[in-house]
Structure formats: C-alpha cells, structure tokens
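Be aware that the sequence shown starts at 1, since it is given in full-length UniProt numbering, and climbs by one per residue. Even glycine gets a Cβ: it sits at the ideal position worked out from N, Cα and C. Notes follow the structure.
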Amino acid sequence: MAKDSNPEEEPVFRDKRRIDPETGELRDPGASVSAEAPASEDAPENASNGDEALSDEDEALLAETRASMQEEVEAAQAEAAQHKDALARLQAEHVNYRNRIERERAGDRDATVAGVVEKLLPALDDLDLARKHGDLDDGPLALVAQKIEGAFEALDVHRVGEVGERFDIAKHEAIAQLPSADATEETVVDVVQIGYRIGSRLLRAAKVAVQVPAE
1 MAKDSNPEEE
11 PVFRDKRRID
21 PETGELRDPG
31 ASVSAEAPAS
41 EDAPENASNG
51 DEALSDEDEA
61 LLAETRASMQ
71 EEVEAAQAEA
81 AQHKDALARL
91 QAEHVNYRNR
101 IERERAGDRD
111 ATVAGVVEKL
121 LPALDDLDLA
131 RKHGDLDDGP
141 LALVAQKIEG
151 AFEALDVHRV
161 GEVGERFDIA
171 KHEAIAQLPS
181 ADATEETVVD
191 VVQIGYRIGS
201 RLLRAAKVAV
211 QVPAE
C-alpha cells in the first residue's frame, strides 16, 4: 500500500500565557503568538494596545466617578463654609453677651455706690459748708474731709458745679438769674449747693446762680 505523498502536518502550539514561564515577567499582549509562526507584518500597529483602550462603558463609569467626587468636594466645602459662619455667629454672640454682662455689673456697682452716696449727701453738704467758712483749711476736720473725698474719687464719684463754667441744664439747677450787660452767655456765678455724679450718671444737680445777658 502506497504511503500518502503529503506528510501529516505537525500540530501548531500557541502560547497564550500572559506570564512568561521562564522569566516570570508580563508578556506584551501582542507577543502571544505561535512559537513557530512569527507575527504577521500586516497586523495593525495598534493591535497590541487593544487591551489598554477603555471601552465606552468604562469611559462613562470614569466620568460618573469624577462627577461624584466633584459633588462630594463641593458638598464638603459648603458644609465647611456653614460651620465657619456658625462659628463667627457664636463668637459675635459671646462678645455681645460678655459686653452685656460687663455693663450690667457696672450698672449694679454704680447703683450700689449711688445708694450709699445719696445717704451721705447731708454729711457732704456739711463738709462743703465748712469748707466755705474756712474750717477745712487746717486741723483734724480737714484731714477727715481729704480722706472722704479721696475715697469718693476712688469710687468714681465727682463733684458737679464750678463758678465760671457755662450753665448746663443737664447738670445745673438755676435757682437765681442775674442779668448783666457784660454777659454774652449764661454762666455760673455762684454754687449754692454742690452736685454729685458717678461716672456719667448724675446723682444730684448742682444748685447755682446764673448770670444771663441783659435784654
């Protein structure tokens, strides 16, 4: 029996493993060809990049992920701005509260001092009368008067009413008016009774005689 003139073709093995068994390195995707058959020169140059190109689905997923991340960043920035505004409001409220408490404390202090000074006004009037008579120029009473006046100054208590100053209805009570041809404005010419104030709070207006321009 005659043998077949065409010898049986040997099987072709194609190694498609991505990892080179000898070197352990990642093979080029375009290199997975038959050990015996070289890669065709007519193959497109970008064939090896087939696995690297992103599909439309992957592109859409990537765009969606970026949009989501941007939304999260913007939301975090908005929340941070809200916290900053809230902190600024709290700080302003704290400052206002502290100032109000300080004003209330100062008002309570002035009210307490005013109550004490008002009870001492008759004694202060006696000291002022003694001063007008020259009894406070020297002697033990002068020393007592100095100590009392020093204590009142420490408490921000001050006398109101001086000869020569302009008449001010806010702190003077005119009990006499003296017309004068030389007067150009209402001026205090005599202090009948000293007034007192605590800070800017008037305890008692000064009773004064006022020189007024003659008509």
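Check                                                                                                                                                                                      : Outcome
From this set, Ala176, Tyr196, Thr65 and Ser180, which residue's C-alpha is nearest Glu149's C-alpha?                                                                                      : Tyr196
Within 10 Å of its beta-carbon, does Val144 have 16 or more other beta-carbons around it, so buried, or fewer, so exposed?                                                                 : exposed
For a test of the three-state rule: what should DSSP assign to Gly195, helix, strand or coil?                                                                                              : strand
Kindly list the residues whose CB is nearer than 7 angstroms to the CB of Val73, restricted to its own chain and excluding five residues on each side of it in sequence; keep chain order. : none
Spatial neighbours of Gln177 within its chain, please: CB distance less than 7 angstroms, with the 5 preceding and 5 following residues excluded, ordered by chain position.               : Val210 and Val212
Tell me the residue span of the alpha helix (DSSP H) that contains Leu120.                                                                                                                 : Asp56 to Lys132
I believe Gly199 touches Asp156 by the beta-carbon criterion, under 8 angstroms. Please report the beta-carbon distance rounded to the nearest angstrom.                                   : 5 angstroms
Would you please state the rounded distance, in angstroms, between the beta carbons of Asp110 and Arg201? I believe it to be under 8 angstroms.                                            : 6 angstroms
Are there 16 or more other CB atoms within 10 angstroms of the CB of Ala206, so buried, or fewer, so exposed?                                                                              : buried
Would you call His83 buried or exposed, if buried means 16 or more other Cβ atoms sit within 10 Å of its Cβ?                                                                               : exposed
Between the alpha carbons of Arg166 and Tyr97, how many angstroms are there, rounded?                                                                                                      : 39 angstroms
If you check the beta carbons only, do Leu136 and Ile194 fall under 9 angstroms apart?                                                                                                     : no
Alpha carbon to alpha carbon, how far is Asp128 from Thr187?                                                                                                                               : 21 angstroms
For the beta strand (DSSP E) that contains Ile175, what are its first and last residues?                                                                                                   : His172 to Ser180
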